[in-house]
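The structure appears below as structure tokens.
In the working numbering, the protein residues as written are 33 to 841.
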């Protein structure tokens with residue numbers, strides 16, 4: 033990366049996107065200036081207070097209200113409420129001069145070229161030379177915005193299209209103009225990846241760029257298939273959801289969330305601005321969408337779209353679906369499909385695509401009717417929208433939440449054999465010829481049978497210009513377990529693979545359902561520590577799944593508890609605790625690299641690691657209360673230990689205990705990695721945050737090496753943990769009783785709270801005492817087993833297993 037650094041960003045425009053982009057820049061530690069227009073008239077409430085249009089609260093009302101709305105939204109755009117203070121607000125008239133101190137100015141005003149140009153005119157007056165200036169537009173050609181601007185402005189200007197919501201959607205499209213300096217593009221590509229945590233896709237300045245061009249084509253193509261295939265709204269969403277590797281919201285639910293007006297605007301823009309597109313007929317809207325827009329059924333924003341939420345006579349909520357023929361809302365019909373049932377058995381997404389394609393029912397027919405024209409369409413977009421086809425796959429994964437992009441699906445089905453099927457497909461969409469682009473035939477003629485291949489653990493793509501395979505830029509810096517598992521696995525069982533990452537570091541990968549922790553994972557972790565201690569320098573615990581770990585396998589606990597096999601259960605809990613302690617007290621450094629759901633046992637293992645290298649989007653928590661028990665894998669002990677380390681003679685120590693106790697007692701789950709620290713799951717100096725999920729494993733390996741190189745010394749078990757005994761129990765019992773009296777918790781919640789308090793206070797010792805970790809682990813295990821003998825606990829576990837949510841009994 034060149035020597036440019038970004039300390040302060042100015043965001044111009046505080047609407048839905050602007051305010052959230054500002055929040056994401058604040059997330060990564062930058063100072064942010066957020067500006068918008070000053071109001072032209074007073075509100076009645078402002079008049080009543082005697083304010084005028086010159087009063088500061090009035091002048092900054094629009095921007096402050098937008099930011100406030102963003103911060104209150106769910107899911108939150110900000111990692112921690114404390115980060116809001118990094119954002120300073122103002123208005124275009126009074127505060128534009130402040131952009132002179134910004135290193136990057138990003139424009140996010142309304143999608144109108146004339147307005148954007150007038151904003152850039154103001155920017156030009158105050159911006160210092162060399163400052164980056166970018167536009168977050170989803171449709172306006174980028175080169176049109178630079179007309180009349182200075183050379184320095186043009187050199188440092190390009191499009192940066194964030195997808196909404198910018199914190200959660202990974203796609204960032206970079207769209208240079210012919211004037212944009214190469215080093216500016218390179219800087220933004222690298223900055224977006226490493227610091228903003230984005231999948232950064234370089235685009236040409238073509239209509240809707242890459243993500244929306246392909247994504248909207250794909251969605252609208254589906255709407256044209258509804259009638260010929262006789263599909264209902266429910267069927268489309270069932271068939272095009274997770275089974276196909278797409279998000280749960282599938283197609284029509286996604287349209288409702290995004291807003292039908294937004295979809296229509298992009299479609300109309302494409303119909304007008306891409307006259308050469310052979311499939312432009314797809315961007316002509318089918319009758320039912322035109323009618324819905326006329327009726328103002330735009331989705332969630334108008335409370336009606338493809339779905340409508342209503343209340344029945346008894347006040348129960350029901351979600352109705354739209355009948356696309358009659359345009360009336362009615363109860364949803366159950367969708368059955370043999371093909372979908374068959375896909376459920378196949379975990380591997382690529383193998384699942386093959387099963388899906390070969391089905392004999394309506395679901396499979398839709399799969400073929402939407403994918404064959406999509407393959408033809410994306411092959412024809414190269415080199416129009418990008419010279420490198422892999423960027424289309426990147427955009428669809430990062431912007432639309434597809435597990436694999438169109439070229440990856442095509443690879444999974446077999447490139448050569450699919451071409452014949454594309455020719456033979458009878459249900460043609462507008463503009464579809466059945467012929468794929470010539471470069472695909474050239475690739476096959478040259479003896480290359482796939483778009484991608486992995487060599488020496490690095491992913492390569494077929495490069496059209498050189499007719500050979502090249503490493504995907506940046507891929508050599510990443511560690512992808514999928515790419516090395518076959519050749520680098522040194523040990524495995526049904527739940528774990530131990531993989532050599534090179535340089536003396538090994539990785540323990542879970543691959544159970546939801547990465548839950550049972551006997552096989554416990555065995556695998558202990559084996560990994562054994563191997564690392566004998567032959568390697570360090571251990572990383574991470575995986576390539578959707579979640580790090582959803583916690584202990586509660587089905588196994590339930591079986592033992594129902595059969596009252598308490599001896600077996602005692603051994604299982606002891607093995608869990610011992611594994612946590614081995615993670616803490618092995619002779620080699622252990623780095624946990626969690627991401628997404630990191631609950632229960634997954635959280636406990638992370639809390640015992642020497643270091644936690646975690647993804648920014650990590651939702652960490654000890655949630656055992658929800659199934660009627662306390663943390664039993666060392667979590668209760670660990671919170672007692674951490675409370676002890678925080679006790680200060682000049683403080684009321686019970687308050688520290690209370691904070692730790694409530695984190696577990698209320699089963700608090702962090703909404704970000706930053707909040708995981710604030711809740712006490714992470715410790716100062718013992719964790720670091722990786723913004724880009726793709727870099728997590730490489731960063732964790734780097735940390736394990738760093739600890740090993742620094743001369744890692746095995747720590748000694750603790751015997752100096754201060755517990756408060758009766759002095760602490762009093763506060764726990766009084767608190768639980770008053771919560772019960774106020775009906776905030778049930779009798780069983782009260783019982784679990786008292787058990788947790790008993791462990792964290794070290795039992796009913798008559799005075800504060802120093803105890804060992806093993807003493808607390810024994811108390812923790814005893815309390816856990818006693819709770820497993822309770823009928824209400826078994827009811828909670830059973831409810832969680834069958835319904836997937838917590839029961840408050």
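Just so you know, even glycine gets a beta-carbon here, dropped at the ideal spot from N, CA and C. What you are looking at is a predicted structure, and each value in this text was computed from that prediction instead of being measured.
Residues of the same chain with a CB within less than 7 Å of the CB of residue 134, apart from the 5 flanking positions on each side, are 40, 41, 42, 65 and 163 in chain order.
Beta-bridge analysis with DSSP links residue 744 to no other residue. Uninterrupted alpha helix (DSSP H) stretches at least 4 residues long and entirely within the segment 794 to 835 occur at 805 to 820 and 823 to 835, given in chain order. In the structure shown, the three-state DSSP call for residue 414 is coil. Taking one beta carbon from each stretch, the segment 707 to 721 and the segment 773 to 791 have fewer than 3 pairs nearer than 8 Å; the two do not touch. Rounded to whole angstroms, residue 482 and residue 230 show a C-alpha spacing of 27 Å. Taking the CA atoms as reference points, residue 452 sits about 27 Å from residue 267. At a Cβ-Cβ threshold of 9 Å, residue 415 and residue 428 do not count as neighbours. In the three-state scheme derived from DSSP, where H, G and I count as helix and E and B as strand, residue 651 is classed as strand. DSSP places residue 44 within a strand segment (E or B) once states are collapsed to three.
Note on geometry: alpha-carbon atoms of residue 544 and residue 74 lie some 60 Å from one another. If you compare the alpha carbons of 716, 192, 468 and 784 with that of residue 841, the shortest gap goes to 784.
In the same chain as residue 829, and ignoring 5 residues on each side of it, the C-beta atoms closer than 6 Å to its own belong to 586, 590 and 659, in chain order. Using a Cβ distance threshold of 9 Å, residue 686 and residue 759 count as a contacting pair.
Taken in chain order, the complete beta strand (DSSP E) segments of 3 residues or longer contained in the segment 486 to 513 are 490 to 495 and 500 to 503. Residue 48 and residue 102 have their alpha carbons spaced roughly 7 Å apart. Looking at 68, 735, 89 and 295, the one whose alpha-carbon comes closest to that of residue 78 is 89. In the DSSP annotation of this structure, the continuous segment of the beta strand (DSSP E) that includes residue 534 starts and ends at 528 to 534. For residue 304 and residue 648, the gap between their C-alpha atoms comes out near 40 Å.
By DSSP's assignment, residue 542 forms a beta bridge with 528. Relative to residue 633, the option among 823, 581, 569 and 218 whose CA is nearest is 581.
Distance from the CA of residue 95 to the CA of residue 58, rounded to the nearest whole angstrom, comes to 16 Å. Following the DSSP letters along the chain, one finds residue 640 inside the alpha helix (DSSP H) bounded by residues 633 to 640.
Rounded to the nearest whole angstrom, the CA to CA distance from residue 535 to residue 737 is 8 Å.
Counting along the chain, residue 115 sits inside no alpha helix (DSSP H), nor does DSSP assign it H or E at all. In the structure shown, residue 365 adopts coil according to DSSP, grouped into three states. Exposure of residue 745 is indicated by the presence of fewer than 16 other C-beta atoms within 10 angstroms of its C-beta.
Bounds of the alpha helix (DSSP H) holding residue 154 are 145 to 158. In this structure the segment 337 to 356 does not lie against the segment 228 to 248, because fewer than three pairs of beta carbons, one per stretch, are closer than 8 Å. With a threshold of 16 other beta carbon atoms within 10 Å, residue 764 meets it and is buried.
Within the same chain, and ignoring the five residues on either side of residue 375 in sequence, the residues whose Cβ sits closer than 7 Å to its Cβ are 275, 384, 387 and 388. Take the alpha-carbon of residue 367 and the one of residue 280: they are about 15 Å apart. Residues 515 of the same chain have their beta carbon placed closer than 6 Å to that of residue 486, with the five preceding and five following residues left out of the count. The beta carbon of residue 371 sits closer than 8 Å to the beta carbons of 387, 388, 391, 392, 393, 395, 396 and 399 from its chain, once the five residues preceding and following it are set aside; these are given in chain order. For the options 61, 472 and 435, the alpha carbon positioned closest to that of residue 450 is the one of 472.
Cβ-Cβ separation between residue 604 and residue 657: approximately 20 Å, too far for a contact (criterion under 8 Å).
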